[in-house]
Amino acid sequence: MSDSLRLALIVLACVAVTLWAWRRFHRRSFWLIAAYPLTALSVRATWRKVALGCGLTKKRARWAFTLTPGALVSTGTVKVRRRFRRVAVDTKPWMWLPMPTRHGWRATLRLLEGQIPDDYAQAAERLAHSWGVHAVRVSSPRPGRLVINTTIRDPLVQVDHLPPSTELLKVTVGRLETGKPWVIDFRTVPHWINAGATQSGKSNLANALLVGLAPQPVALVGFDLKGGVEFTPYAARLSALATERAECTRLLADLIGMMIDRMGLCRMTGARNIWQLPPAVRPVPVVVLVDELAELYLMADKSEKDDIARTSTALLRIGQLGRAFGIYLFCSGQRIGSDLGPGVTALRAQCSGRICHRVNDPETATMTLGDLDPAALVSARAIPAETPGVAIVASQDGQWYRARSFYVAENTAEHAAKTYAHLTPSWDDLTAAQPVDVPA
Ligand SMILES: Nc1ncnc2c1ncn2[C@@H]1O[C@H](COP(=O)(O)OP(=O)(O)OP(=O)(O)O)[C@@H](O)[C@H]1O
Numbered sequence: 001m002s003d004s005l006r007l008a009l010i011v012l013a014c015v016a017v018t019l020w021a022w023r024r025f026h027r028r029s030f031w032l033i034a035a036y037p038l039t040a041l042s043v044r045a046t047w048r049k050v051a052l053g054c055g056l057t058k059k060r061a062r063w064a065f066t067l068t069p070g071a072l073v074s075t076g077t078v079k080v081r082r083r084f085r086r087v088a089v090d091t092k093p094w095m096w097l098p099m100p101t102r103h104g105w106r107a108t109l110r111l112l113e114g115q116i117p118d119d120y121a122q123a124a125e126r127l128a129h130s131w132g133v134h135a136v137r138v139s140s141p142r143p144g145r146l147v148i149n150t151t152i153r154d155p156l157v158q159v160d161h162l163p164p165s166t167e168l169l170k171v172t173v174g175r176l177e178t179g180k181p182w183v184i185d186f187r188t189v190p191h192w193i194n195a196g197a198t199q200s201g202k203s204n205l206a207n208a209l210l211v212g213l214a215p216q217p218v219a220l221v222g223f224d225l226k227g228g229v230e231f232t233p234y235a236a237r238l239s240a241l242a243t244e245r246a247e248c249t250r251l252l253a254d255l256i257g258m259m260i261d262r263m264g265l266c267r268m269t270g271a272r273n274i275w276q277l278p279p280a281v282r283p284v285p286v287v288v289l290v291d292e293l294a295e296l297y298l299m300a301d302k303s304e305k306d307d308i309a310r311t312s313t314a315l316l317r318i319g320q321l322g323r324a325f326g327i328y329l330f331c332s333g334q335r336i337g338s339d340l341g342p343g344v345t346a347l348r349a350q351c352s353g354r355i356c357h358r359v360n361d362p363e364t365a366t367m368t369l370g371d372l373d374p375a376a377l378v379s380a381r382a383i384p385a386e387t388p389g390v391a392i393v394a395s396q397d398g399q400w401y402r403a404r405s406f407y408v409a410e411n412t413a414e415h416a417a418k419t420y421a422h423l424t425p426s427w428d429d430l431t432a433a434q435p436v437d438v439p440a
């Protein structure tokens, strides 16, 4: 081996090791400086082929000129006598230069005539495979424009730790696939459904919520028909906890009474909701955590029929009116299907916050997310069992995202419940009649 060849091999090996170490220890700068420019150029260079393969091109008539008649091949070889002639060519949508994002890249396209964003949403999986990326999502910021967001590898395989919550009734419970925080904000989206198969991460999410809300001036109420095994360890921070049907009925009746009371207070002061009341008389907001919603609707024998009807009506009333009076629902369950009765379907309609963890049956995904994009259903059913806590989330911007909750162990939630036990309002104080004298 000549000296120059040996030197070249040593240099190549050094470059390869440097690139590997750079990518391994500072992935973000490696992506921005080394990988992204090459990716952007290759995406632009291959866009015609990719668009053609994914069925996103349109035939358009173009003037073509040839010096060798018979060699025009865009629609197959044709014999031509004239050197100029109109031929049908496949036109790709115009793509601006892809821009880097934290987990991939983003490109803006101009839609061709007759195309709609849904055409691209349906081709998203084909695009992801063509580019060799984890996922492709599309959105349309304005008519005629489309933004393609790609994620190179699943950012949800590892998410960091729960940050402290700083705003009232707003908790960052995890991370979206875009890298942005996954926020549950009860003042924007008051009622939530949290569905998923067993071991999919529902309780972990409830733990995250509890840890976020525990230091805030809010009352937490638990309904735990799993005999109290989920919420009893957090009892110190719960103003009330119901673990069997009779308790649930009583507690719901109290909540309805509290809501009616708050209605009267608002009416008296001319306020439309508790947030318009002077802080001195504003009642404490209440977050109701329900575990295994289906248990509230299941009938063991006919004697429970009236209780179930009462429970169902009370939950529905809270769903309909609770937002204005500071009573919010967070309902978890393995199945939230119409087979549980019309009460569940009506309650579901009131819960605009939707979270669907891994599910076993397509029906639960359909019930939880069915009125969103059908692509959300496909994504929900593709969540692997190895990543508990991953869910499809209907977000406040009207879109759906894949997201993963921060891991919050039971003992962390228990510790938070004990630490902030002194902030727990007593149930008697909460349900006591509201003051009538309102300071000016
Ligand atoms: N975001 C997450 N990151 C890492 N591990 C998680 C996450 N969410 C849940 N897990 C783990 O997955 C397992 C199941 O979670 P969890 O108990 O929350 O599921 P579940 O849906 O409530 O199950 P079940 O219905 O049986 O109570 C637990 O061991 C939990 O620690």
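Take UniProt numbering: the last position of the sequence shown gets the number 440, and nothing is skipped along the way.
Backbone N, C-alpha and C define an ideal beta-carbon position, used for all residues, glycine too.
Since residue i and residue j are thought to touch, with beta carbons under 8 angstroms apart, how far apart are those beta carbons, to the nearest angstrom?
i	j	result
Thr150	Val138	The Cβ separation is near 10 angstroms, so there is no contact.
Phe325	Ile274	6 angstroms
Ala240	Val221	5 angstroms
Met259	Gly319	With 8 angstroms as the limit, Met259 and Gly319 do not qualify as a contact, their Cβ atoms being about 11 angstroms apart.
Ala128	Ser332	Wrong, their Cβ atoms sit about 31 angstroms apart, outside the cutoff.
Val380	Leu340	At residue 380 the sequence reads Ala, which differs from the Val that was named. Actually they are not in contact, since the Cβ atoms of Ala380 and Leu340 sit about 19 angstroms apart, beyond 8 angstroms.
Lys216	Ser140	Contrary to the premise, residue 216 reads as Gln rather than Lys in this sequence. So it is not a contact: roughly 37 angstroms between Cβ atoms.
Lys49	Leu112	Not really, about 16 angstroms apart at Cβ, beyond 8 angstroms.
Leu209	Val183	Actually they are not in contact, since the Cβ atoms of Leu209 and Val183 sit about 11 angstroms apart, beyond 8 angstroms.
Val133	Val218	Rounded, the Cβ-Cβ distance is 41 angstroms, inconsistent with contact.
Leu109	Ile148	6 angstroms
Thr243	Leu225	7 angstroms
Glu177	Ala403	7 angstroms
If I follow the unbroken beta strand (DSSP E) through residue i, where does it start and stop?
i	result
Leu238	238 to 242
Pro342	Looking at the DSSP string, Pro342 is not in any beta strand (DSSP E); the run it does join, the alpha helix (DSSP H), is 342 to 350.
Asp339	Segment: none, Asp339 is in no beta strand (DSSP E) and carries neither H nor E.
Trp22	Careful: Trp22 lies outside any beta strand (DSSP E), inside the alpha helix (DSSP H) at 3 to 25.
Leu220	219 to 224
Asp90	84 to 91
His357	353 to 357
Considering only residues of the same chain and omitting the five flanking positions on each side of residue i, which have a CB-CB separation below 7 angstroms?
i	result
Arg310	Thr249
Leu102	The question names Leu, but residue 102 is Arg in the sequence shown. Contacts found: Gly179.
Arg335	Ala294, Thr364
Met299	Lys305, Ile308
His161	Phe406
Ala440	Low confidence applies to Ala440: its pLDDT is 41, below 50, so where it sits in the model is not reliable, and the reading given next is rough at best. Nothing meets the Cβ criterion.
Gly257	Thr431
For residue i, which of helix, strand or coil comes out of DSSP?
i	result
His191	strand
Val286	strand
Pro98	coil
Phe30	helix
Ile318	helix
Tyr401	strand
Val229	coil
Leu168	coil
Leu146	strand
Ala246	helix
Asp160	coil
Gly212	helix
Phe406	coil
Leu329	strand
Ala394	strand
Lys302	helix
Ser139	strand
Leu56	coil
His134	coil
Ala440	With a pLDDT of only 41 at Ala440, under the threshold of 50, the placement of this residue in the model should not be trusted; the figure read from the coordinates follows. The answer is coil: DSSP assigns Ala440 none of H, G, I, E or B.
Asp118	helix
Pro181	strand
Can you tell me where the alpha helix (DSSP H) with residue i in it begins and where it stops?
i	result
Leu293	293 to 297
Thr46	36 to 53
Trp427	427 to 431
His415	410 to 419
Arg381	374 to 381
Leu109	From DSSP, Leu109 is part of no alpha helix (DSSP H) but of the beta strand (DSSP E) over 104 to 110.
Leu423	Leu423 -> no alpha helix (DSSP H), and no H or E assigned at all.
Leu369	362 to 369
Here's a check: name, in chain order, each residue in its chain whose Cβ is nearer than 8 angstroms to the Cβ of residue i, leaving out the five neighbours to either side.
i	result
Leu19	Phe30, Ala34
Glu386	none
Cys54	Ala123, Arg126, Leu127, Ser130
Ala421	Ala236, Arg237
Taking 6 angstroms as the limit between beta carbons, can you name the residues of its chain near residue i, skipping five residues before and five after?
i	result
Val288	Val221, Leu329
Leu315	Leu347
Ile383	Arg358, Val390
Pro98	Ala40, Val43, Trp105, Ala107
Phe223	Ala242, Cys248, Val290
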